[in-house]
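Below is one structure, written out as structure tokens, with a few remarks after it.
So this is what it looks like as structure tokens:
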């Protein structure tokens, strides 16, 4: 059994605060109450929600321990009529209250996390990662530099013909961000400050027309029905909470996955959030394990669907699978 259309719609309303069939029905008059009750029954059988209270008027709450690693079918993520989703304080509360060890066990339940011995990254390994990550991370943002062009730019300083100055700058910003990470490993092994994340974002967005610091306006995520927070004070407050969550685990994989997921989820900056999340996740692994990841074999579509699962259904399982594959 897996999520279907009706159960996914009902789940989205539960994530927005509904706690009963009647409350869900207020938002979805096109779905009759019996269908909503059946959907709630399916969600209960999948352990995605917990049921409590009297039989004739039960209440429902999200089971984040299961939801965090749930598989959300791609067709549900591509359903253009799915309900709007919003920043979920309940998810952040659960992550903040859950012990690092339980969180590690939850994340590794569906598949074992890679066991990687710490080693000092060689100069050759660093050069390889710099080229691969700069190219792929930029390509995921629509940059048309080829892998060869990226190598020539980074190693020889040769700018590719028929490429814009914007694209060239984006590649170089990734190179500079990796340089910053390698020069300051102590910033990424324990608690990570907002000043450190701001600096990474500043480097990533240098000379690209991206405003620095906490955004002051509403943003929307392309191809998603997710609406992030809009208030700058709430954004700053939740940035501290998220970095507190990222800082708690001692397991590098868990820490890196949380960085990869939660920085884009908050959307604290006007632009460059996914790039900043990728660089922060790499910074954790480079500093703690002497190893990074480039996402070279991951398609833009696969990554986009993984982020949709996070933004709208609060599942980090697709991103976890991608990161496990990168590190295996």
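Residue numbers (our numbering): 10 to 337. We put the beta carbon where it would ideally sit given N, CA and C, even for glycine.
List the DSSP bridge partners of residue 236.
Partner(s): 95.
For residue 90, is the classification buried or exposed, using 16 other Cβ atoms within 10 angstroms of its Cβ as the cut-off for buried?
When all chains shown are included, residue 90 counts as exposed.
Out of 164, 268, 116 and 173, which one is the CA nearest neighbour of residue 201?
268
Would residue 217 and residue 261 be called neighbours here (beta carbons separated by less than 8 Å)?
no
For residue 213 and residue 285, I'd like the C-alpha separation in whole angstroms.
7 Å
Length of the line joining the Cα atoms of residue 248 and residue 283:
15 Å
Whether residue 129 touches residue 299 by CB criterion (8 Å):
yes
Specify the secondary structure class of residue 18 as computed by DSSP and reduced to three states.
helix
If you count every other CB in all the chains shown that lies within 10 Å of the CB of residue 34, and 16 or more means buried, which is it?
Buried, since its Cβ has 16 or more Cβ neighbours within 10 Å.
Looking at residue 317: is its Cβ nearer than 8 Å to the Cβ of residue 77?
Contact flag unset, no.
Straight-line Cα distance separating residue 172 from residue 189
26 Å
Assuming residue 146 and residue 320 make a contact with CB atoms under 8 Å, what is their CB distance in whole Å?
Not confirmed; about 19 Å, so no contact.
Suppose you measure from the CA of residue 22 to the CA of residue 182; what does that come to, to the nearest Å?
In this model, residue 22 and residue 182 are separated by some 40 Å (Cα to Cα).
Determine the direct distance from the alpha carbon of residue 80 to that of residue 328, and round the result to whole angstroms.
11 Å
Check for me: the alpha helix (DSSP H) holding residue 287 runs from which residue to which?
282-298
Residues in its own chain within less than 6 Å of residue 27 by CB, not counting five upstream and five downstream?
33
Just verifying my parser: in three-state terms, what is the DSSP assignment at residue 71?
strand
Roughly how many angstroms separate the alpha carbons of residue 109 and residue 161, rounded to a whole number?
Going from the Cα of residue 109 to the Cα of residue 161 covers about 42 Å.
From this set, 72, 82 and 297, which residue's C-alpha is nearest residue 125's C-alpha?
Checking every option, the nearest Cα to that of residue 125 belongs to 297.
Taking C-beta to C-beta, are residue 266 and residue 116 nearer than 8 Å?
yes
Own chain, CB closer than 6 Å to residue 144, minus 5 neighbours either side, in chain order:
156 and 159
Sheet register partners of residue 59 (DSSP bridge):
The partner list for residue 59 (beta bridge, DSSP) reads 70.
Residue range of the alpha helix (DSSP H) that includes residue 180:
174-192
Using the beta-carbon count (16 or more within 10 Å), is residue 71 buried or exposed?
buried
Quick check on residue 229: buried or exposed, where buried means 16 or more other Cβ atoms within 10 Å of its Cβ?
exposed
Taking the beta carbon of residue 335 as the centre, do at least 16 other beta carbons fall within 10 Å, making it buried, or is it exposed?
Buried, since its Cβ has 16 or more Cβ neighbours within 10 Å.
Among 36, 258, 325 and 18, which residue has its Cα nearest to the Cα of residue 48?
Among 36, 258, 325 and 18, the Cα nearest to that of residue 48 is on 18.
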